[in-house]
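**Q** Residue numbers (our numbering): 32 to 118. The beta-carbon is built from N, C-alpha and C at its ideal position, and this holds for glycine as well. Since the model is a prediction, treat every value here as computed from it, not as a measurement.
(1) Does the beta-carbon of residue 82 have 16 or more other beta-carbons within 10 angstroms, so that it is buried, or is it exposed?
(2) Suppose you measure from the CA of residue 64 to the CA of residue 88; what does that come to, to the nearest Å?
(3) Tell me whether residue 118 sits in a helix, a strand or coil according to DSSP, three-state version.
(4) Terminal residues of the continuous alpha helix (DSSP H) containing residue 72?
(5) Looking only at its own chain, which residues have a Cβ that is under 7 Å from the Cβ of residue 67, when we skip the five neighbours before and after it?
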């Protein structure tokens with residue numbers, strides 16, 4: 032059932048994620064996660080860990096930690112491919 036010819040009308044989907052939709056928004060907002068500021072990237076990684084910073088968004092350096100994690104995974108993958116080439 033579509034109300035007012037709007038397929039994105041929030042009332043037809045039942046319960047919302049946050050329970051509150053502001054006027055003009057189609058996508059409901061999620062509540063903000065727990066967030067602790069860190070002085071720099073090395074302090075953030077030493078306090079929250081690389082995976083905590085990259086995957087759990089425990090501080091503001093999540094994107095930076097994700098790039099470091101990406102470089103580590105890419106290096107491991109490249110090493111495995113290079114090792115398989117010489118077998």
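**A** Well, looking at it:
(1) The residue you call residue 82 lines up with position 51 of the chain shown. Flag for residue 82 reads exposed.
(2) In the chain shown, the residue the question calls residue 64 occupies position 33. In the chain shown, the residue the question calls residue 88 occupies position 57. Each residue's alpha carbon lies about 8 Å from the other.
(3) As a first step, residue 118 is located in the chain shown; it is residue number 87 there, counting from the start. Residue 118 falls in the coil class under three-state DSSP.
(4) What you label residue 72 is simply residue 41 of the chain shown in a count that begins at 1. From DSSP, the alpha helix (DSSP H) with residue 72 extends over 72-79.
(5) What you label residue 67 is simply residue 36 of the chain shown in a count that begins at 1. For residue 67, where only same-chain residues beyond five positions count, the Cβ hits under 7 Å are 89 and 90.
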